[in-house]
Every structure is written in structure tokens, then in C-alpha cells.
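Student: Numbering follows the working numbering, with no gaps: position 159 of the sequence shown is 159.
Quick one: this structure, given as C-alpha cells, is what I'll be asking you about.
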Amino acid sequence: WNWSIVHSRGTFTNHINSVPDTRTRISQLNANFRIGQRLDVRPSLQYSTIEESDPPAGFVAREMTTATAILGLGYPFTENVNGNLGLNYASQIVTSGNLGNNIKSVSGSLQWNAIRAQGVRPGVSLALDGLYYDVEDFVTVGNTRNNYQIFLRIGVSWMPSL
1 WNWSIVHSRG TFTNHINSVP DTRTRISQLN ANFRIGQRLD VRPSLQYSTI
51 EESDPPAGFV AREMTTATAI LGLGYPFTEN VNGNLGLNYA SQIVTSGNLG
101 NNIKSVSGSL QWNAIRAQGV RPGVSLALDG LYYDVEDFVT VGNTRNNYQI
151 FLRIGVSWMP SL
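Spelled out as C-alpha cells, the structure:
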């Protein structure tokens, strides 16, 4: 298992005054551990703040705060079949005009390694990937949406060895 704490800070100064200056702070807590013999669990929490200042004419300085929670799961069913699932939830608040939104997404993948790469023979894998994305906009109902995508993917790998 492992874990990490990350904190970063950044500044952007626009010397030609075409967009606001920004100051960014991001803090993140990550972990990765195994439950039982196979289930990999990857939780993550992130909190970020972006502050704008010195806006050009026609712009309003804003402060955007985002809190994000992520849970990733991985499970190898067999030597040739594995699955992944990702759950994300983010909430963003913008101070100017009380703007904000909630974003939820779920992604998943089931992959079958049909032919393993070996020697000079390439490998082939088939995967079914899916994504569900839901946005709840606090201000503009027209921006509230949810959609999904499903992909069938074929991958070719090659690790030549003698």
C-alpha cells in the first residue's frame, strides 16, 4: 500500500492585462491499497482554489473553489480478464454571482487479453469501456445535463524479445 499528500501553489501574472491574474492552490490526499488478494482500491480527495485579481475592463475577478472525491477500483478476474471502475464527484463554487455546479461521473472498463504478446508475436486485447457523466448547474438549468458513452476497443501490443 502507499499514500501521498500533495500541495502545490502557482501564480500567473498577465502583463498585458488581457485576462485576470490568478493565484492557484491545490491540496490532494491519495492512497492505494489492496483488499484481499486482488481488489485494488485507490481513493483520492482534492481541494483547489483559484483566485483572480487585477481584471481587465469588462471582467469580474472571481474565486473558484472545487472539492473532488475520487474512488478507483481495479480487479483482475483471471490472468486474462480484468476490470476497473472509477467514481468521481466534484463540487465547484464560484464567488461572483454565486455560480457553481456538481459533477458526478462513473467510468468502467472490462478488458480481455485474447492473445498475449510473446517473442515476436503481437498481442491482442478487447475491452468494453463505459462512461456516465452528470452535471447539475446551480444557475443555468440549460447547462444541467447527463450523458453516457460506450466504446468497444481493440488493442494491439508488441514486446519483441529474442
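Ideal Cβ positions, reconstructed from N, Cα and C, are used throughout, including at glycine.
1. A90 lies in the beta strand (DSSP E); which residues open and close that run?
2. May I have the straight-line CA-CA distance separating P160 from Q118, to the nearest angstrom?
3. Report buried or exposed for Q165, applying the criterion of at least 16 other Cβ atoms within 10 angstroms of its Cβ.
4. Am I right that S105 and Y132 are in contact with their C-beta atoms under 8 angstroms? What's the rounded C-beta distance?
5. Excluding the 5 residues preceding and the 5 following E51 in the sequence, name in chain order all residues of the same chain whose CB lies nearer than 6 angstroms to its CB.
6. Work out the CA separation of R25 and N147 for me, nearest whole Å.
7. What is the rounded straight-line gap between the Cα of D137 and the Cα of S91?
Tutor: Looking at the coordinates:
1. For the purposes of this step, residue 90 is taken as residue 90 along the sequence shown, with counting starting at 1. Run containing A90: V81 to V94, per the beta strand (DSSP E) assignment.
2. Counted from its first residue, the sequence shown places residue 160 at position 160. Counted from its first residue, the sequence shown places residue 118 at position 118. Between P160 and Q118, the C-alpha separation is close to 7 angstroms.
3. With the chain represented from 1 up to 162, any question about residue 165 goes unanswered, as that position is not in the structure.
4. Within the sequence shown, numbered from 1, the residue matching residue 105 stands at position 105. Within the sequence shown, numbered from 1, the residue matching residue 132 stands at position 132. Yes, they are in contact, since the Cβ atoms of S105 and Y132 sit about 6 angstroms apart, within 8 angstroms.
5. If you number the sequence shown from 1, residue 51 lands on position 51. So the list reads R23 and E63, once near-sequence residues are dropped.
6. Residue 147 sits at position 147 when you count from the first residue of the sequence shown. Residue 25 sits at position 25 when you count from the first residue of the sequence shown. C-alpha separation (whole angstroms): 31 angstroms.
7. Along the sequence shown, one-based indexing puts residue 137 at 137. Along the sequence shown, one-based indexing puts residue 91 at 91. Distance between the alpha carbons of D137 and S91 is about 10 angstroms.
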